[in-house]
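Protein chains in written order, with my numbering: chain A, 1 to 434; chain B, 435 to 1006. Even glycine gets a Cβ: it sits at the ideal position worked out from N, Cα and C.
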Amino acid sequence: MNQSPLLTCADVRKAYPVPDADELLVLEGMNLELREGQIVGLLGRSGSGKSTLLRLIAGLAEPSAGEIRYMGEPVSGPAPGIAMVFQSFALFPWLTVFENVALGLEAQRLPRAEIRKRSLAAIDLIGLDGFESAYPRELSGGMRQRVGFARALVVHPNILLMDEPFSALDVLTAETLRTDFLDLWAEGRMPIKGVVLVTHNIEEAVLMCDRILLFGSNPGRILSEIKVTLPQPRNRQDPSFRDMVERIYVEMTARPKGAAGGARHERFPGLGIGTELPRVSSNLLSGLMEAVAAPPFNGAADLPDIASDLQMEIDELFPVAETLQMLRFAEVEGGDIKLTEDGKAFAHSALDERKRIFQRHLLTYVPLAGHIRRVLDERLTHSARKSRFVDELEDFMSEEAAEQTLRAVLSWARYAEAFAYDDDTGMFSLENPT
Amino acid sequence: MKKPAPFGFLRDVASRWDVLAFIVVIGLIAFLAETSRGLFAPLSQLEVTPLSLDPRHLPEYAARTTFRMFAGLALSLLFTLTYATWAAKSERAGKLLVPILDILQSVPIFGFLSVTYVFFMSLAPGRVLGVEFASIFVIFTSQAWNMAFSFYQSLRTIPAELIEAAESFRLSPWMRFWQLEVPFGLPALIWNMMMSMSGGWFFVVASESISVGHTTVVLPGVGSYIALAIAKKDLGAIGWAIATMFLVILACDQLLFRPLVAWVDRFRVEQEPGVRSPTSWVLVMLRRSRLVRAATVTFHSLVLWTSRAVQRTDAQPESAVPRRSRSRDLLWVLILAALIALALWHIAAMLIAQTTLHEALGVAGLALLTMLRVFVLIALASLVWVPIGVWVGMRPRVAQVVQPIAQFLAAFPTNLLFPIVVYGIVTWRLNADVFLSPLMILGTQWYILFNVIAGASQIPTEMRYVTANFRVSGWLWWRRVALPAVLPFYVTGAITASGGSWNAAVVAELANWGDTEVRAHGLGAYIADATTAGDFHRIVLGIGIMSLFVVAINRLFWRPMYFHAERKFRIT
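Dropping the structure here:
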């Protein structure tokens, strides 16, 4: 395979302008190559910019710097040879299956007979025979996504972009669609030459991809690349498959280079009041601590094991695990999660004691929570406007992120009874509502 | 913001209940007209309040107009809470009450005015009070039916779990009404109230200066001010009136409706993700004020006290099969029969006995003319506003600015602008049949615009990506994507616009500038003429035929279109 690549991304960078502040950096230093016959997976959590990269490749947005080339030509605007499959299917409810599929060909102004022939062929290929005149609302989720595939394939693209195409489906349907897709791919019956797949499901990436790019967040960047050389069809129970999954967990929980072996807080570079916080409910936090503390894990667990035990994908599990790490209730490293002494104490305590422990950790280790509490303590009225803190946060992040961060701290503070908030007046206070 | 569906639960084109409802409503109008005619004579010596065109009086006039508006609003609220609750709770009554409401919605609002005007004056002979009643009643008729419909729909769609929770706590009916049913219906009700303000302003202005037969009474207000300005051909005064009304509506919007809409947001059961909660600076101010807080606490404890005062329901669960009492059914049928007979008798006495077939056909011909006008205007307005609405709706930043402006314009009583147009027609001797027509849609076209904007802004991002990815553009994009996506919203807007235009026809087809009369041929001019002449027979005939047309157009055209659009084109 030494012919020129289908697609190259060189030093691609994407940033959005933010009023009254520096730009908001979403993606940086993206280098990627897609060669004929390959499925490349972009794996990472939400917010790591993998979907943004896919949109840049599709020509739906423009990079702030760097270059994307498709078949040697720079991409500017949607290219004819690149088609996309969407997470939400994005079918038009007023068009039949046939009309939905034919839309891309109509846009090319092909003769009617040819549109008809090619659309029916695509519908046939993807297993939708008999459903031509159905409306999307009459179909199940799996059938709808098949229409999404047929619609993309009918334009005979060289590259197929897939944005979490199976994540809106139930487990069984998703697996059927994956295997069907891999069969068609292996038999070379689809007109496509290469695939870029965005996913947050590690097993899905290992099952389908030839190469996996691991994405890190803040800003989105490629952490590492993993080649999957297991022969197709792959078996999830195969030990080498399990090893590969384990290895990806280890990579994704690795400390950033340069901080290896350092103090724990270096896992969060520059953690100050300006750090964006995820909205993770206190129920999830205590739930995970309880699960890790209980047998068979007894305080330390392998992330893949606990993920499959709790049926959580990394998108759901990682924010919880990392919040626990930030609160010093757990350490996450090498694909493992291990409770600290306080974490274990929390898991084994009753509600009042839990709240005491949680409050201590929240005010000590989450600078924003400590900051709000100090302001409230110092004021005579023991109250302060929310807008005051939003303004402070907006020096570091977008308005939306500031709102979300404040909401996250608030929900933890309410659980810990550290301070209160009245949504009607927009005031933080120390009093509890009567 | 979610708008209530215009047709609610009525899916079939017409049931026998609709026919009954139509008879009852028209019978009622005929009865009122008859009563009014009897009370006609002794009212000629009513004192006419002298009105001044001095702009310094405008604040006072505006205050009086606004007071009428709120009196009408309060009455509508009272009607809504009782009528809609009755219709929703009693299966028997609901069968007739709901179609009646639907027919009432179709009766031209001006009709209520011309028929009841003299009747209300007779309630307080020799004083302006009676005319005030009439004016307030018109406002009531322009809002009550919409609001009652919205509340009825809310009551019928309370989630079963909430009802079961209320039952399991054995809430008294009183408590259940205030703690569950009213809060649940409030968001839709407030939204509807805001939307029906436009009709309210339109008719409060129209009702302040009206002559029925020999009786002309002028109520001090912005409407009568402008009528006087027209009589005296004073363009400057008209400008002052328009500016005043603009400020009044802006104040109502900012001080009353925005805070209300922001406040009722908390009563929403399902929060649509990604939709920003409405905000209002007034509400924030009120919430921070200690005085207001103290007042709400007091009010709240008062509500709690009334809840305690009323007995809880018995512990026994409601029997699964409702007991049907034969004697009650019979009583109900008898009452219905009496009602229908009475209505038919009035209709017979008023209409059939005095109407020749020739006359009826003539009026129907005029109705056809007005119908043609309404449809042409809706089509023209759609051609203009649908592309603009789609363009705006696809750009969130632009939509944020344009949407409130469009809603504001919809509330502005456009009859204030009529004199300017009429002045133009008189000055340049234009064809009234053509150039009076746009007045009918001047105020109602905005419904098309802001509904289309709402529709276009709700096209999901991924669908936009699809069209970009497959390079769907030009006419194909309009045909396959944009137009279908906004169709359900467009139909909702067009229904409101069409109804509003029929209402406006009575005011728009016949206009004056000083002594010059400008007239277009149509049913609206016929009703306006009959009103001025005090000919109750012709008023009722005109209103009856107009209602029949509006109901028929709704049932045969808009309703099928609406359900088709909802079923096929709604993005879920």
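- Within the segment 133-169 of chain A, the complete alpha helix (DSSP H) runs of at least 4 residues fall at 141-153.
- Per DSSP, the beta bridge partners of P74 of chain A are A:R69.
- Our two residues, A121 of chain A and D129 of chain A, have alpha carbons roughly 9 Å apart in a direct line.
- With 16 or more other Cβ atoms inside 10 Å of its own Cβ, E642 of chain B counts as buried.
- When Cβ-Cβ separations below 9 Å define contact, V155 of chain A makes contact with chain B.
- Straight-line measurement puts the Cα of I306 of chain A at about 41 Å from the Cα of V154 of chain A.
- Taking the CA atoms as reference points, W520 of chain B sits about 18 Å from V459 of chain B.
- Counting along the chain, I961 of chain B sits inside the alpha helix (DSSP H) bounded by residues 957-967.
- By alpha-carbon distance to G194 of chain A, the top candidate from A:Q232, A:G81, A:E246 is A:G81.
- A:L207 is the residue among A:L139, A:L324, A:L207, A:I357 whose C-alpha sits nearest the C-alpha of P233 of chain A.
- Annotation: Cβ neighbours of P894 of chain B in chain A (cutoff 9 Å, chain order): S88, A90.
- In this structure, I875 of chain B lies near L811 of chain B, with their beta-carbon atoms less than 9 Å apart.
- Within the segment 807-880 of chain B, the runs of alpha helix (DSSP H) at least 4 residues long that lie entirely inside it are, in chain order, 830-845, 852-862, 866-869, 872-876.
- Here the C-alpha atom of M162 of chain A lies approximately 15 Å from the C-alpha atom of G49 of chain A.
- Per DSSP, T713 of chain B has no beta bridge partner at all.
- In this chain, the alpha helix (DSSP H) harbouring T730 of chain B covers 724-743.
- At a cut-off of 9 Å between C-beta atoms, N885 of chain B does not count as an interface residue with respect to chain A.
- At a cut-off of 9 Å, the C-beta of R1004 of chain B has a neighbouring C-beta in chain A.
- The DSSP-derived three-state label of N298 of chain A is coil.
- At a cut-off of 9 Å between beta-carbon atoms, T405 of chain A makes no contact with chain B.
- With its beta carbon at least 9 Å from every one in chain B, G142 of chain A lies outside the interface.
- According to DSSP, residue pairing for Y249 of chain A in a beta bridge does not occur.
- Around the C-beta of E138 of chain A, fewer than 16 other C-beta atoms lie within 10 Å, and the residue is accordingly described as exposed.
- With contacts defined as CB atoms closer than 9 Å, A384 of chain A and L376 of chain A qualify as a contacting pair.
- Under DSSP, the beta-bridge partners assigned to N946 of chain B are B:E951.
- Apart from sequence neighbours up to five positions away, the residues of its chain that approach L717 of chain B with a beta-carbon distance below 8 Å are R692, P693, A696, W697, ordered along the chain.
- Looking at the DSSP output, C209 of chain A bridges to nothing.
- Using a Cβ distance threshold of 9 Å, A685 of chain B and V656 of chain B do not count as a contacting pair.
- Proximity of the segment 956-966 of chain B to the segment 933-946 of chain B meets the contact definition, three or more beta-carbon pairs being nearer than 8 Å.
- Rounded to whole angstroms, the gap between the alpha carbons of G66 of chain A and A622 of chain B is 50 Å.
- Ranked by Cα distance from F1003 of chain B, the options B:I597, B:V925, B:W947, B:G934 are led by B:V925.
- Around F701 of chain B, no beta-carbon contact reaches into chain A at under 7 Å, the shortest distance being about 14 Å.
- Within the same chain, L327, R328, F329, D342 come within 8 Å of H361 of chain A by CB-CB distance, once the 5 residues on both sides are set aside.
- Contact between S51 of chain A and V198 of chain A is confirmed by a C-beta separation of about 6 Å, below the 8 Å threshold.
- Distances from the CA of S486 of chain B to each of B:D687, B:R953, B:K666, B:W911 were compared; the closest alpha carbon is that of B:K666.
- Using a Cβ distance threshold of 9 Å, R151 of chain A and V900 of chain B count as a contacting pair.
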